[in-house]
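*Asks:* Residue numbers (the numbering used here): 1 to 359.
Idealized CB from N, CA, C, for every residue including glycine.
Since we're looking at a predicted model, the values are computed, not measured.
1) In the DSSP output, which residue or residues are listed as bridge partners for residue 179?
2) Can you look up residue 7 in the DSSP assignment and give me helix, strand or coil?
3) Is it right to say residue 357 is buried, meaning 16 or more other beta carbons lie within 10 angstroms of its own, or is it exposed?
4) Let me check understanding here. Comparing Cα to Cα, which of 67, 275, 116 lies closest to residue 243?
5) So for residue 317, helix, strand or coil by DSSP?
6) Using CA coordinates, which residue listed in 253, 293, 55 is at the minimum distance from residue 340?
7) Quick one: what does DSSP say residue 291 is sitting in, helix, strand or coil?
8) Compute the Euclidean distance between the alpha carbons of residue 169 and residue 6, then round it to the nearest angstrom.
9) Tell me which residue opens and which closes the alpha helix (DSSP H) that residue 246 is part of.
10) Check for me: the alpha helix (DSSP H) holding residue 265 runs from which residue to which?
11) Span of the alpha helix (DSSP H) holding residue 365?
12) Would you call the CB atoms of residue 67 and residue 105 closer than 8 Å?
13) Of all the options 248, 183, 24, 296, which has the alpha carbon lying nearest to the alpha carbon of residue 102?
14) Could you tell me the alpha carbon to alpha carbon distance between residue 20 and residue 129, rounded to whole angstroms?
15) What residue range does the alpha helix (DSSP H) around residue 157 cover?
16) What does the Cβ neighbour count give for residue 316, buried or exposed, with the cut at 16 atoms within 10 Å?
17) Taking Cβ to Cβ, would you say residue 360 is nearer than 8 Å to residue 61?
18) Any chance the segment 323-331 sits against the segment 180-197, with 3 or more Cβ pairs inside 8 Å?
19) Work out the CA separation of residue 281 and residue 256 for me, nearest whole Å.
20) Check whether the segment 275-293 and the segment 230-241 touch, using three or more Cβ-Cβ pairs below 8 Å as the test.
21) If the criterion is Cβ atoms closer than 8 Å, does the pair residue 84 and residue 144 meet it?
22) Please name the residue, chosen from 58, 92, 206, that lies closest to residue 308 on a Cα-to-Cα basis.
23) Just to confirm my understanding: we take residue 249, look at its own chain, exclude 5 residues before and 5 after, and list those with CB closer than 7 Å. What are they?
24) Within 10 Å of its beta-carbon, does residue 140 have 16 or more other beta-carbons around it, so buried, or fewer, so exposed?
25) Using CA coordinates, which residue listed in 45, 132, 75, 179 is at the minimum distance from residue 346?
26) DSSP three-state label for residue 124, please.
27) If we ignore side chains and look at the alpha-carbon of each, how far apart do residue 51 and residue 261 end up?
28) Quick check on residue 324: buried or exposed, where buried means 16 or more other Cβ atoms within 10 Å of its Cβ?
29) Using the Cβ count rule (16 or more neighbours within 10 Å means buried), how would you classify residue 37?
30) Would DSSP call residue 14 helix, strand or coil?
31) For residue 360, count neighbouring Cβ atoms within 10 angstroms of its own Cβ and tell me buried if that reaches 16, exposed if not.
32) Compare the Cα-Cα distances from residue 11 to each of 73, 247, 193, 133 and report the closest residue.
33) Would residue 65 pass as a contact of residue 155 if the rule is Cβ separation under 8 Å?
34) Within 10 angstroms of its Cβ, does residue 149 collect 16 or more other Cβ (buried), or is it exposed?
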């Protein structure tokens, strides 16, 4: 595996950290009207996830390599941090836009290889980076100069050492023979299927977390971020080894089961986040394989689905009740398992070795 993915991982952590840092600084500094924190949070998601889709379209339109939008996005995020103390809301807009540009470029590079392991490594720092940035701004123990320097360093490394052209790795005869074709191999049905699955799963998880507000404040929220990171990192590698369709579908079903138990056992919510994140690299990468040469659009589609689920949650809130609603949320996750089964190739069983008698 090329070492350039390590630069993207560092960039993922730095960009997402700057987003969380700027957002938390804007709220802590009294720059958000009292009672408007929830609206500002939705605003943060709209900029970051919505612009990720927009930058993805531009990245694909001009067939840019990952290094150009990624390095530029990191510099934009670094520039935004300069305004954290004087204009924190403007800083949040700039850092969120920079993070979105970085993610669109990084996804183009990570997904074009067709390797779920690589995609999982790229995506794993995104959620914990935001959570860590929020905590760092709240505690004021991390001077803004530190993330600024890491952003600039990551930008230079990505521009200098990462691929200058986007690679569209053709499927080798060996890999083609080892996997069954996906049920849905056309982007026309695949895009809405994945979007709907991401939206429903997003709403279910945000709603479940919202129903446990007392347990998601402060450091416990980092547990969910760590679960998301571990799921992405491990899920991509396991799916490449044991079969993307089988592993992803099973992981989402396990996530739905854990979510059904989260009303009684709080730790099961973290388990649900882990298993659902487990399927994220293969599903996003699978959609990118179907929509060849539009890897950033495929990644942006998943992000847009997550955004739609977050907006629905903001409008509907978290329905109370640990009984029926817990099972409803779990049921909303199941379509993601169906989406994984439909768009991902299955692992083809190796033919049994011929016996001596047959020879």
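*Replies:* Taking the geometry as given:
1) Looking at the DSSP assignment, residue 179 forms a beta bridge with 347.
2) Residue state, collapsed to three classes: helix.
3) Bear in mind that the predicted position of residue 357 carries a pLDDT of just 44, short of 50, making it unreliable; the figure below should be weighed with that in mind. Exposure of residue 357 is indicated by the presence of fewer than 16 other C-beta atoms within 10 angstroms of its C-beta.
4) Comparing Cα positions, the closest option is 116.
5) Residue 317 falls in the coil class under three-state DSSP.
6) Minimum Cα-Cα distance from residue 340 among the listed residues 253, 293, 55 corresponds to 253.
7) Collapsing the DSSP output to three states places residue 291 in coil.
8) Below a pLDDT of 50, predicted positions are generally treated as unreliable, and residue 169, at 48, falls in that range; the measurement from the model is reported next regardless. Roughly 20 Å separates the two Cα atoms.
9) Taken as a continuous stretch (DSSP letters only), the alpha helix (DSSP H) holding residue 246 covers 244-261.
10) Counting along the chain, residue 265 falls outside any alpha helix (DSSP H), and DSSP gives it neither H nor E.
11) The chain is shown from 1 up to 359; residue 365 falls before or after that span and cannot be answered.
12) For residue 67 and residue 105, yes; Cβs fall inside 8 Å.
13) It is 296 whose Cα lies nearest to the Cα of residue 102.
14) The alpha-carbon atoms of residue 20 and residue 129 are separated by roughly 7 Å.
15) Taken as a continuous stretch (DSSP letters only), the alpha helix (DSSP H) holding residue 157 covers 145-161.
16) Note on residue 316: under 16 other CB atoms within 10 angstroms of its CB, so exposed under the neighbour-count rule.
17) Outside the displayed span of the chain (1 to 359) sits residue 360, for which this structure offers no information.
18) No: fewer than three Cβ pairs fall under 8 Å.
19) So the alpha carbons of these two residues sit roughly 18 Å apart.
20) The segment 275-293 vs the segment 230-241: in contact.
21) Yes, the Cβ-Cβ distance between residue 84 and residue 144 is below 8 Å.
22) Here the closest residue by C-alpha is 206.
23) Around residue 249: 337, 340, 341.
24) Classification of residue 140: exposed, given that the 10 Å Cβ count is below 16.
25) Out of 45, 132, 75, 179, 179 has the C-alpha closest to the C-alpha of residue 346.
26) Three-state result, residue 124: coil.
27) About 35 Å.
28) It counts as exposed.
29) That one is exposed.
30) Helix at residue 14.
31) Missing from the structure shown is residue 360; the chain here goes from 1 to 359 and no further.
32) Just measuring C-alpha positions, the residue of 73, 247, 193, 133 sitting nearest residue 11 is 73.
33) The beta carbons of residue 65 and residue 155 sit no closer together than 8 Å.
34) With fewer than 16 other Cβ atoms from the protein chains shown falling within 10 Å of its own Cβ, residue 149 counts as exposed.
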